[in-house]
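In this note's numbering, the protein residues as written are 215 to 505. Before any comments, here is the structure.
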């Protein structure tokens, strides 16, 4: 997401006003030598693509909420209802040292719905392992554990990740690290899941709870992603359309189904990468409840 976090703080660092997304300011700061050559009509076009006006309204309406409370406010403002099914598969609430893994169909609201649900169920704040780009979403920085999907992790990131796995807090993760894409057969599904969640869950003795979030983005999003690959672009520029997908979901109802827990003692029967794909397959074997 193209985002500029403009904050007003007191001497203690407390945020005194909502964040504001400002595409023009981002471009001016990042490209100072070229800013005067960038057509203002292009800037306005980018503002519309990322839904700058609508996003800023959401930020204002939900200030100063943070973490699960912020997610709850956004879902309420968008009139999005997420129904969780088969919650009896979850361990007792006092057994919060679990790792919840899920497919990643929406790219925003799915994560917020999971944060909201897990906080309500366990009564404690979850931690969410995410792409480090999402650390720009300031109201969720206390929930997020940022990791670098495309490179080596810093020592600080590794320490924070291990501390989270060693804690009693429930953990959340989208193992694909990317929003689902439409495949050759027209099926929307995650790409390959990364193995890290298997190795960390086994190391820290956390049972894995698989969930399937039923939902899709627009046909335009998948076509744009496919075209980007066709012309050889490696950067996922389709991500700039994810805010539009968020507002496209306004008023919708989504289903999430909880699968059977996977004990950490069963995670070493095959190599971690193979196990990760097995768990991915289990998630997609979970069926959607009847209306």
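Where a beta carbon is used, it is the ideal one built from N, C-alpha and C, also for glycine.
Residue 356 holds the alpha-carbon nearest to the alpha-carbon of residue 340 among 356, 349, 237, 463. For residue 427, there is no enclosing alpha helix (DSSP H); the enclosing beta strand (DSSP E) has its first and last residue at 421-428.
Secondary structure at residue 461: helix, using DSSP grouped into helix, strand and coil.
In the DSSP annotation of this structure, the continuous segment of the beta strand (DSSP E) that includes residue 343 starts and ends at 341-345. Along the segment 370-447, the beta strand (DSSP E) occurs as fully enclosed runs of 3 or more residues at 385-387, 421-428, listed in sequence order. Annotation for residue 257: the continuous alpha helix (DSSP H) segment containing it runs 254-263. In the same chain as residue 409, and ignoring 5 residues on each side of it, the C-beta atoms closer than 7 Å to its own belong to 486, 487, 490, in chain order. Around the Cβ of residue 401, a 10 Å sphere holds fewer than 16 other Cβ atoms; the residue is exposed.
Taking C-beta atoms as the reference points, residue 261 and residue 237 count as a pair closer than 8 Å. Counting only the Cα atoms, residue 414 lies some 25 Å from residue 334.
Excluding residues up to 5 positions away in sequence, 312, 421, 423, 475 lie with their Cβ nearer than 8 Å to the Cβ of residue 305 in the same chain. In this structure, the alpha-carbon of residue 265 lies about 42 Å from that of residue 477.
Counting the other Cβ atoms within 10 Å of the Cβ of residue 255 gives fewer than 16, which makes it exposed. The bridge partners DSSP lists for residue 316 are 425.
One Cα belongs to residue 303, the other to residue 371, and the distance between them is close to 32 Å. For residue 429, the closest alpha carbon among the candidates 278, 380, 471 is that of 471. Excluding residues up to 5 positions away in sequence, 407 lie with their Cβ nearer than 6 Å to the Cβ of residue 494 in the same chain. Scanning its chain for C-beta atoms nearer than 7 Å, with the 5 sequence neighbours on each side dropped, one finds no residue around residue 376.
For the options 497, 287, 484, 308, the alpha carbon positioned closest to that of residue 382 is the one of 308. For residue 235, there is no enclosing beta strand (DSSP E), as DSSP marks it with neither H nor E. Taking residue 437 as reference, the option from 360, 394, 498, 288 with the minimal CA-CA separation is 394.
DSSP, read as helix, strand or coil, puts residue 309 in coil. In this structure, the straight-line span from the alpha carbon of residue 299 to that of residue 412 is close to 24 Å.
Residue 351 counts as buried, since no fewer than 16 other beta carbons sit within 10 angstroms of its beta carbon. Beta-bridge annotation (DSSP): residue 299 is paired with 471. Annotation: residue 286 to residue 492 spans about 32 Å, alpha carbon to alpha carbon. By the Cβ neighbour-count rule, residue 282 is buried, with 16 or more other Cβ atoms within 10 Å of its own. The Cβ atoms of residue 385 and residue 330 lie no closer than 8 Å to each other. Per DSSP, the beta-bridge partners of residue 360 are 344. Collapsing the DSSP output to three states places residue 454 in a helix.
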